[in-house]
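See structure below.
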Amino acid sequence: MILNAFTLGLGFGKIKHVKSFKEGCFYMIHSDVIRGHLETIILKLILEKDMYGYEISKCIKERTNEQFVIKEASLYSIVQRLEKKGLISSYMGVKTHGGKRRYYKITALGKAYYNEKIVEWHNLREILEMLLEESK
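Numbers 0 to 135, taken from numbering that gives the first Met the number 0, label the letters of the sequence shown in order.
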């Protein structure tokens, strides 16, 4: 059993269950951990190719081996914010089985913003590793 603030009854907000495939046990992850990176994650996926909302959601779920599933309301809130900032644009795609889909495409400003966020993420990762790794 893994002890943390949640199991000790200290509960610090929303906690998500994430299954570790290495050890077959459950870890508790605070929902705020990934929230600050969702814009960058969505921009990365749209940078690879234009996508519609459900496709973005499905891609996140598949790439994380279902360890993270973005809520539909969160996804569309973020997409609207990105579009309002001019980081992505949208267009209606060709009609398919279920009807027309709204696709999202990254803009030049969105690519520049994404590149800045990646540098920021690398810096953050280095700082966290320095602070949180066990002393040797």
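Built from N, CA and C at the ideal position, the CB exists for glycine as well.
Residue pairing of M91 in beta bridges, as defined by DSSP: R101. Between L86 and T106, the C-beta gap is smaller than 8 Å, which places the two residues in contact.
In this structure, D49 sits near Y102, with a CB-CB distance shorter than 8 Å.
If you look at E132, you'll find it isn't in any alpha helix (DSSP H); DSSP assigns it neither H nor E.
C-alpha of K94 to C-alpha of Q66: approximately 32 Å in a straight line. Scanning S73, K57, Q79 and G52 for the CA closest to the CA of I33 turns up S73.
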